[in-house]
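Undergrad: Here it is, the structure in full.
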Amino acid sequence: MPKSDDPESHNKPCTLCGTPRQVLVRCQIDEGAQWHFVCPGKCWKSVSGGVEDAKGFEAEHPYYRYGGMWKNKHADGPLSAKKPKKVKDRQKLDRAERGDGGSAEATASEEETNVVVQPQGQEAQRH
1 MPKSDDPESH NKPCTLCGTP RQVLVRCQID EGAQWHFVCP GKCWKSVSGG
51 VEDAKGFEAE HPYYRYGGMW KNKHADGPLS AKKPKKVKDR QKLDRAERGD
101 GGSAEATASE EETNVVVQPQ GQEAQRH
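Just so it is clear: in the sequence shown, position 26 is 26 by UniProt numbering, and no numbers are missing.
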């Protein structure tokens, strides 16, 4: 079967709703440990709780495992699989409200630390 030049023909269907999409989330969602491609909207939220690692939703989604994003590279124009900043900010606030390790402010692991390298025998300073 010859390949089509139509970018839409390269879209993959969502495992759950069957709608062909240009961007899908690759994840495991059941005890079968099979990888699925699901829509990054309603379908993905239904299997993950709306968080990549399902942190805070382990009881509701015990088999969920995030496996990255799939993107139709034949699609015309700019197509991003990255979450918009407003979505990231909303998820950070949701984690803070649930009290599962996220916070509205940057945590120590997220803060940028500059290390100055000193000559041998002297201690490095953190800024």
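Positions of the beta carbon are idealized from the N, C-alpha and C atoms, including for glycine. Just so you know, these numbers come straight off a predicted model, no measurement behind them.
1) Mapping DSSP to helix, strand and coil, what is residue 16?
2) Do residue 61 and residue 47 count as a contact pair if the criterion is CB distance below 8 Å?
3) When you compare each of 73, 70, 75 and 65 to residue 31 by their alpha carbons, which one comes out closest?
4) Is residue 41 near residue 95, with beta carbons less than 8 Å apart?
5) Once you ignore the five residues that flank residue 98 on each side, which residues in its own chain have a CB closer than 6 Å to its CB?
6) Which value, in whole angstroms, describes the spacing of the CA atoms of residue 92 and residue 10?
7) Please report the straight-line C-alpha distance between residue 34 and residue 52, rounded to a whole angstrom.
8) Report the three-state DSSP secondary structure of residue 74 (helix, strand or coil).
9) Spatial neighbours of residue 13 within its chain, please: CB distance less than 8 Å, with the 5 preceding and 5 following residues excluded, ordered by chain position.
10) In angstroms, rounded to a whole number, what distance separates the CA positions of residue 28 and residue 67?
11) For the beta strand (DSSP E) containing residue 27, list its first residue and its last residue.
12) In terms of residue numbering, what span does the alpha helix (DSSP H) encompassing residue 133 cover?
TA: So, to answer that:
1) Start at 1 with the first residue of the sequence shown, and residue 16 comes out as number 16. The answer is coil: DSSP assigns residue 16 none of H, G, I, E or B.
2) Mapped onto the sequence shown, residue 47 falls at position 47. Mapped onto the sequence shown, residue 61 falls at position 61. In contact: residue 47 and residue 61 (Cβ atoms closer than 8 Å).
3) Numbered from 1 along the sequence shown, position 31 holds the residue referred to as residue 31. Looking at the Cα atoms, 65 is the closest of the given residues.
4) As a working note, residue 41 is residue 41 in the sequence shown. As a working note, residue 95 is residue 95 in the sequence shown. No, the pair does not count as a contact, with Cβ atoms beyond the cut-off.
5) As a working note, residue 98 is residue 98 in the sequence shown. Around residue 98: 56.
6) Looking up residue 92 in the sequence shown gives position 92. Looking up residue 10 in the sequence shown gives position 10. The straight-line gap from Cα to Cα measures roughly 33 Å.
7) The sequence position of residue 34 within the sequence shown is 34, counting from 1. The sequence position of residue 52 within the sequence shown is 52, counting from 1. Whole-angstrom Cα-Cα distance: 17 Å.
8) Looking up residue 74 in the sequence shown gives position 74. It is coil, neither helix nor strand.
9) The residue given as residue 13 occupies position 13 in the sequence shown. Same-chain partners within the cutoff: 19, 20, 21 and 37.
10) Reading the sequence shown from its first residue, position 28 is the one you call residue 28. Reading the sequence shown from its first residue, position 67 is the one you call residue 67. Residue 28 and residue 67: Cα-Cα distance of roughly 8 Å.
11) Within the sequence shown, numbered from 1, the residue matching residue 27 stands at position 27. Its beta strand (DSSP E) spans residues 23-28.
12) This structure gives no information on residue 133, because the portion of the chain shown stretches from 1 to 127.
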